[in-house]
Structures are given as C-alpha cells and as structure tokens.
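Engineer: Quick note: the sequence shown uses UniProt numbering, first residue 1, plus one each step.
The C-beta atom is built at its ideal place from N, Cα and C for all residues, glycine as well.
Predicted, not measured: the structure shown is a model, and the values here were computed from it.
Once you've had a glance at the structure underneath, I'll fire off some questions.
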Amino acid sequence: MQAKELLEKIKYCDSLTSYSRRKTIPVRVGDVIIGGDNPIVVQSMTTVDTMDTQGSVEQCIRMIESGCQLIRITAPSIKEAENLQNIRNELRKRGYNTPLVADIHFTPNAAEVAARIVEKVRINPGNYADKKKFEIIEYTDQSYQEELERIRERFLPLVKICKEHGTAMRIGTNHGSLSDRIMSRYGDTPLGMVESALEFLRICEDENFHDIVISMKSSNTQVMVQAYRLLVQKLDEGGFKPYPLHLGVTEAGDGEDGRIKSAVGIGTLLEDGLGDTVRVSLTEDPEFESPVAKTLVDRYLGRENHAPIPAITHYPITPFEHNKRDSIEVFNFGGTNVPRVITDISAVAHITEKEMKNLGHFYLPELDKWKMNDQGADYVFSGDHPIPFMLPNGMKEIQYYNHWLAAEDRNNKFPAFTLSEFKLAEEFHYGLNFLFLSDVEVEEALPFIEGRHDVVIILHSDNAHNMAALRRAFVQLMENHSQIPVVVKVDYPAQTQDKTMLYAATDVGGLLVDGLGEGIMIGLEAYREAPREVLLEQVKLHNSVSFGVLQAARTRMSKTEYISCPSCGRTLFDLQETTAMIRKRTDHLKGVKIGIMGCIVNGPGEMADADYGYVGSGKGKITLYKGKEVVKRSVASEKAVDELIEIIRKDGMWIEPGERLEV
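Following this line, the structure appears as structure tokens:
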C-alpha cells in the first residue's frame, strides 16, 4: 500500500491535537518494564572494548550514575558474548542491577550465547541471517519465500532461547543496513524498513514470543519519523500486538548538531505519544547521552494537561512521505526558497557592528567591509530598537509597525504588525509585511489576509502542546486555501542551552519534517532583563540553533553534515578525536555530508546518504568511500584525512577555507 492510500486510515497516533501516550504491551527487561503505563526508559551504549571487563564495568557505572536505565554492549562474536557474563557478574557484585542488552549484527551464534546471559538482545534484521553486499537481485515470489524460510530456520533458535530464559528482544531496523533482498523488493524506503522488521516479528508471533521492542532508526530524520509512523500503522493493520518502540536517530554526531538532530527525530515522535524507550546517539562519552535523553522525555511529564486544541477533522498532510506545503513567494520567503532564519535581537538596545558577529555577520572596520559565514541570519528582528547603522547585503531588518512608520528608509526595512494593527493599518510596505499571529488568532485573521501577496505570517502558540497547536494552525490555513508563507516562532523561559536546542528542534523541526514552515524564529523575550553579555550569548545560540534545526530537518543545508556513529566496543579508532580532526579540516564545505564510522558494521550501509565516508577497517587502517563505493582501502590512519580531502578535491567539491565568506 502506498503512502497516499494510507491517508484513508491514518492511525499512527491516538490524536493529532490531544497528547496521550500510545498504549503498548509491557515488555519486562530485568527489573525495568518498557511500555504499558510505565515511564519512558532512557538507555545508552558502552564504547569500551567488550573484552575489557573492568573498563566496561567502570563505564557502565558512570552511565548508570548519569541516569542510564538500560545499558547496551556490543557482542560482535562469541567471545564478547561470553564475556558479558563477567561484566554482569562484576556489576551485580558492586550492587548495580541495571539490565544489560547485547548488541548483535552479523553473528547469530553470538546472539544465542548472549541471550542466556543478559536481559535483552538487539538484532538488526538487515544483517542477522540476511545479506548486505549492495547487490540488486531479482526475486520471484518463490525465491523470496525460500529466503524467508532460510531466515526463519536461522532465527528460530534465538527466539526459543529468549522464551526459555525470559530474555527480551529488540528488532532494530537501520535505514542504512537494509538487506539486498529488502532493497530489491521495497527499495531504500521507510516501507522497506518496516517490512524488514515485520518479517522477523511474524516469526516471533508464530512462536508466541512477544517480549519485543521495535526500532526504525536512520540518520535522516525525515526517513526515521516516516518509518516509525508507518510501523505503527502497519502493526495495527496487520493485527499485531502494539509493541513498544525504541526511538533513536543513528549517527547524530556530537555537540549542538548531535543534540538538535536527535531531537528533530525523537522529539517529533514523542510529541504524538510514540516512544517507550529512548537513546540519544552522540559521538561523545556515553555518560553524556542519558541526561540529553532525559531532558527530551521529561518534557512530557504532565503534558496531557495542556490547554485544549480543536480537533483536526481533515488532515491534508501525508505523514509517511515529505511534501512541502504549497506557498506563494513573498520576497525570498515561500515558493521554492529555502526556509529563512529571522534572529530576534529586540531585547538588545543600541547593538553595534561588532556585536553582529553573533548573527553570523562580521564587520571589518579597517576595510569598512562585511563578511558572512554560512550561518549569517537572513533577517534580524529589532523590535523597538532600530539598528543605528547600515546592514550588510544579505540581511534585512524587521521593526515593530510603529517604528517602521517613523523610519527614514521604509523600503529597505520591513514592518511587523499585531493582528489588531494589521486590521486597522492604512500603510503597508510595498512588498513584504510581517504579521504576528498566535494559533488561536488564525481564524480571525483569515478574511484580512485573503488574496494578499505581500504578507508573511510569524506564527506562535502559548499552548504547552506547542507543536500540535502550531500544526493545527497550519491545517486551518491549508483548509482555507491560504498559501501565505509562515515563519514558525517559538519562545522559551530562561533555561539551559541544551533545553533550548532540544525544544526548538522538536517544536519547529517536527513541523519542517512534515513540510510545514517557511522560516524559523526563536524569541528573546525571556532574556529582556538579562545582562548584555547574556543577551548576546542567547542571540548567538538562537541563530546557530535556527540553522541547525533547518539542517537537521533536511530543509536547508547551510554547513557540513557529519554522520558520525556514537562509538562502541567495535570501534577501531578514537571517534571523538577523529571527528574533531575531520571537522577542523572540512567544516567549511557547505552542504557536504561526511560519514565517520568506527568499523565496517557502521560502514557504508549505516552512512546511508553520506557523500563521503571514513570507515575503520583494521587497526590503524581506514577505508575511504565516495557514497557507498570504496575509493581507497587500508589507508594509514595518519594519512587518511589528507586522502579524504584529495578525494573531495578530485570530485570538484573542495573549496579553500574562507572562499565562501565574502559578501
């Protein structure tokens, strides 16, 4: 069934406007229960070599103390699977009863050993008893069924061991490691991901084994969200039990980028009540992952008490594929333009040229010239504090309507109206006017914006269930055939930087994933009374987060993207150090995607849609890829970054640092 046909029966969440957790069967993993009416469980994965018992134990303890409730440990072969017993024994001896999960990719025998030791095993359907050689194979129905029978025969022993020992299982599909068989029939699609898991799930249900959690992970947030939604729909359609979901974005990266990308994928699903256990995959030490995941999931404590949002009776959005909302072009908003960034500086009085660096624009006084980096704001909202100098090309100023009326230059500055001002206004900018609207004002505004081609809406909501309220407003505009561009504005109280990254990525990113929104603006109101240095720090953060959200949602590529795995016991080099080294040499390559994988398990498949790849293939040896094609094998690690740059150079994608800065 194709995505458009599925629209006739959208049932991937309980409600599009009223928050509630999806009801699932409970799955016991040791002393932890996933799903049912239980809180969302936070988990992470060790990075120490599994054969290093003491190192693994010490890292597990650090993870537990940081809030980790489930610990996953790689078991690539039987020897590592057997050593899980030593790790488990030592943890129990020290008084730690946190359940352990064995991570299995290629080795059924290792899974069968591990299932007798730990509380849960994770298998990847694309690798487990299946093939991934990037071959296109034509299957008849008979030959396809024969392959399924072979898989059943290889998978059944593990199912029986799990039943016997009370061991839970995660069937964890990864977008980048779909088998050749699935790829040949379903393609590189969310549907292929779902079918890959359902094949193994059917075998489990035939054996009356239901202690199962399912995941649909991808480094592409659009694909990840679509796959989980489609999975829930297919489980319901196929009469399967409502199994709990493990949420995660693979190879999210590190720092701000990793947090934003994780939140766009995970947060979008949490907003609709999907997800029972979460892992944020960062290229950082694993004890830093759990606090980020906890910040994400804790946002939904008490969320069901939000103010009511009118129900959506007709849903014009396809939730299983990305389709951008039709919008008219107003200046450089809407139409075929990429989403725009409006950076709020309205709380900063008398901003200087030098302080504009916080918006990605750099003034060089000795040359009387401006430079801009790849995160230079498109528009700046000055509110009641007009900017006292000429702005660089590439950035425009938005002022409150009353200040715009008094401005000397009303052509190159743009007015921002409240709805009451807009309804009574006699003067408008000739081509671009901004209208602040809350979600509850949209209906009132409709008669006044009908037929206008000179208006951009800046849409916000005070509802605690923010994304759903904003989505409802978009649906209302679409139902009334309004194609006016919409910039999504979000406001938060004074809070940690992590919260701002995660909340904005959820609230705006979740809309962008569904093709809603022609821009982003993060409000500065909560910091109006803060010291100037704090204000400017928030301006810089908001500007950077805005570009990060657009990139993570795959709607505007403004910087280099690093698809880097979070490291594990299989990793053949220091991922954090290597990622930092590659980033230092390549982070000026706007829009280029570079995969950095610690081993062949997270190699060409897991990189999915990376343009270039850097993959550990042996001790001190690196394999370099262009897309999924090997370009150089067994490159010495000390030369590998230079060789990678040479590949990019020969491909015509290299520029020298600084070439993009000129305005």
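Give the DSSP bridge partners of Lys423, in chain order.
Structural biologist: For the purposes of this step, residue 423 is identified with residue 423 of the sequence shown, where counting begins at 1. DSSP, once it has assigned bridges, lists no residue as partnering Lys423.
Engineer: Please report the distance separating the alpha-carbon of Leu405 from that of Thr418.
Structural biologist: As a working note, residue 405 is residue 405 in the sequence shown. As a working note, residue 418 is residue 418 in the sequence shown. Cα-Cα distance, rounded: 14 Å.
Engineer: Per DSSP, which one or two residues make a beta bridge with Asn174?
Structural biologist: Here the question's residue 174 lines up with position 174 in the sequence shown. Here Asn174 is bridged, per DSSP, to Lys217.
Engineer: Here's the rule I'm using: 16 or more other beta-carbon atoms within 10 Å means buried, otherwise exposed. How should Pro447 be labelled?
Structural biologist: Residue 447 sits at position 447 when you count from the first residue of the sequence shown. Per the 10 Å Cβ criterion, exposed.
Engineer: Can you tell which of Arg72, Ile87 and Glu80 has its C-alpha closest to the C-alpha of Glu58?
Structural biologist: Sequence index remark: in the sequence shown, residue 58 carries index 58 (1-based). Minimum Cα distance to Glu58 is reached at Ile87.
Engineer: DSSP puts Tyr379 in a beta bridge; with which residues?
Structural biologist: Within the sequence shown, residue 379 is the residue found at index 379, counting from 1. In the DSSP output, where bridge partners are listed per residue, Tyr379 has Ile342 and Lys396.
Engineer: Let's test the definition: count the other Cβ atoms within 10 Å of the Cβ of Ser20 and tell me whether it reaches 16, buried, or not, exposed.
Structural biologist: Counting from one through the sequence shown, the residue named residue 20 turns up at place 20. Exposed, since its Cβ has fewer than 16 Cβ neighbours within 10 Å.
Engineer: With distances taken between CB atoms, is the gap from Leu148 to Val118 smaller than 7 Å?
Structural biologist: Translated into the one-based positions of the sequence shown, residue 148 becomes position 148. Translated into the one-based positions of the sequence shown, residue 118 becomes position 118. The answer is no: Cβ separation not under 7 Å.
Engineer: Are the CB atoms of Leu459 and Val440 nearer to each other than 7 Å?
Structural biologist: Within the sequence shown, numbered from 1, the residue matching residue 459 stands at position 459. Within the sequence shown, numbered from 1, the residue matching residue 440 stands at position 440. Contact: no.
Engineer: Below 6 Å, is the gap between the Cβ of His246 and the nearest heavy atom of the ligand ZN?
Structural biologist: Although the ligand ZN was asked about, the structure shown includes no ligands whatsoever.
Engineer: Can you name the start and end residues of the alpha helix (DSSP H) that Val534 belongs to?
Structural biologist: Indexing the sequence shown from 1 puts residue 534 at position 534. First-last of the alpha helix (DSSP H) with Val534: Arg532 to Ala552.
Engineer: If I'm right that Phe434 touches Ile387 with Cβ under 8 Å, what's the distance once you round it to whole angstroms?
Structural biologist: Counting from 1 along the sequence shown, the entry for residue 434 is found at position 434. Counting from 1 along the sequence shown, the entry for residue 387 is found at position 387. Contact doesn't hold; Cβ gap of about 16 Å is too wide.
Engineer: Is the CB-CB distance between Asp651 and Gly273 below 7 Å?
Structural biologist: Residue mapping note: residue 651 aligns to position 651 of the sequence shown, counting from 1. Residue mapping note: residue 273 aligns to position 273 of the sequence shown, counting from 1. No, they are not a contact pair.
Engineer: DSSP three-state label for Leu6, please.
Structural biologist: Counting from one through the sequence shown, the residue named residue 6 turns up at place 6. With a pLDDT of only 38 at Leu6, under 50, the local geometry of the prediction cannot be trusted, and no value is derived from it.
Engineer: Checking the sheet assignment: what are the DSSP bridge partners for Asp103?
Structural biologist: Here the question's residue 103 lines up with position 103 in the sequence shown. According to DSSP, Asp103 bridges with Thr74 and Arg122.
Engineer: Taking the DSSP output, what are the residues bridged to Leu459?
Structural biologist: Counting from one through the sequence shown, the residue named residue 459 turns up at place 459. Per DSSP, Leu437 and Val488.
Engineer: To which residues of the same chain is Glu329 closer than 6 Å at the C-beta, ignoring the five residues directly before and after it?
Structural biologist: For the purposes of this step, residue 329 is taken as residue 329 along the sequence shown, with counting starting at 1. Closer than 6 Å at Cβ, skipping near neighbours: Gly335.
Engineer: Rounded to whole angstroms, what is the Cα-Cα separation between Asp211 and Asn97?
Structural biologist: Counted from its first residue, the sequence shown places residue 211 at position 211. Counted from its first residue, the sequence shown places residue 97 at position 97. Using only the alpha carbons, I get a separation of about 20 Å.
Engineer: Can you name, in chain order, every residue of its own chain whose Cβ lies under 6 Å from the Cβ of Ile203, other than the five neighbours on each side?
Structural biologist: Position 203 of the sequence shown, counted from the first residue, corresponds to residue 203. Around Ile203: Arg152 and Phe155.
Engineer: Nearest CA to the CA of Ile161: which residue from Arg185, Asn208, Asn174 and Val194?
Structural biologist: In the sequence shown, residue 161 corresponds to position 161, counting from 1. Ranking the options by Cα distance to Ile161, first place goes to Asn208.
Engineer: Using CA coordinates, which residue listed in Gly35, Ile104 and Glu321 is at the minimum distance from Thr50?
Structural biologist: Counting from one through the sequence shown, the residue named residue 50 turns up at place 50. Residue Ile104 is the option with its Cα nearest to Thr50.
Engineer: Just grab the DSSP bridge partners of His314 for me.
Structural biologist: Working through the sequence shown from its first residue, we reach residue 314 at position 314. Note: His314 sits in no beta bridge, so no partner.
Engineer: Is His165 helix, strand or coil when you go by DSSP?
Structural biologist: Locating residue 165 in the sequence shown gives position 165, where the first residue counts as 1. The answer is helix: DSSP assigns His165 an H, G or I state.
Engineer: Using the three-state DSSP reduction, which class does Gly594 fall into: helix, strand or coil?
Structural biologist: Locating residue 594 in the sequence shown gives position 594, counting from the first residue. According to the sequence provided, residue 594 is Ile. The question's Gly does not apply to it. Reduced to three states, the DSSP call for Ile594 is strand.
Engineer: Along the beta strand (DSSP E) that carries Gln43, what are the first and last residues, could you check?
Structural biologist: Numbered from its first residue, the sequence shown carries residue 43 at position 43. Here the beta strand (DSSP E) through Gln43 covers Val41 to Met45.
Engineer: Just checking, does the region 634-647 make contact with the region 611-622 on the three C-beta pairs under 8 Å criterion?
Structural biologist: yes
Engineer: Considering just the uninterrupted stretch of the alpha helix (DSSP H) at Ile64, what are its terminal residues?
Structural biologist: Counting from one through the sequence shown, the residue named residue 64 turns up at place 64. Ile64 -> alpha helix (DSSP H) spans Thr53 to Glu65.
Engineer: Can you list, in chain order, the residues of its chain whose CB lies under 7 Å from that of Tyr527, leaving out five sequence neighbours each side?
Structural biologist: Taking the first residue of the sequence shown as 1, we reach residue 527 at position 527. In chain order, Ala347, Ala494, Val534, Leu535 and Gln538 place their CB closer than 7 Å to the CB of Tyr527, counting only its own chain and leaving out the 5 sequence neighbours on each side.
Engineer: Could you pull the start and end residues of the alpha helix (DSSP H) that Ser184 belongs to?
Structural biologist: Walking along the sequence shown from the start, residue 184 turns up at place 184. Element bounds for Ser184: Asp180 to Tyr186.
Engineer: Helix, strand or coil, according to DSSP, for Ile647 in the structure here?
Structural biologist: Taking the sequence shown and counting its residues from 1, the one referred to as residue 647 is at position 647. In this structure, Ile647 counts as helix in the three-state DSSP scheme.
Engineer: Take every Cβ of the region 498-514, pair it with every Cβ of the region 252-272, and state whether three or more of those distances are shorter than 8 Å.
Structural biologist: Yes: the two stretches touch, three or more of their Cβ pairs being nearer than 8 Å.
Engineer: Anyone know if the C-beta pair for Pro286 and Ser44 falls short of 7 Å?
Structural biologist: For the purposes of this step, residue 286 is taken as residue 286 along the sequence shown, with counting starting at 1. For the purposes of this step, residue 44 is taken as residue 44 along the sequence shown, with counting starting at 1. Yes. Within cutoff.
Engineer: Give me whichever residues DSSP pairs with Leu247 in a beta bridge.
Structural biologist: Translated into the one-based positions of the sequence shown, residue 247 becomes position 247. According to DSSP, Leu247 bridges with Val278.
Engineer: Per the DSSP calculation, Lys621 is bridged to which residue(s)?
Structural biologist: By one-based count along the sequence shown, residue 621 stands at place 621. According to DSSP, Lys621 bridges with Gly618 and Ala636.
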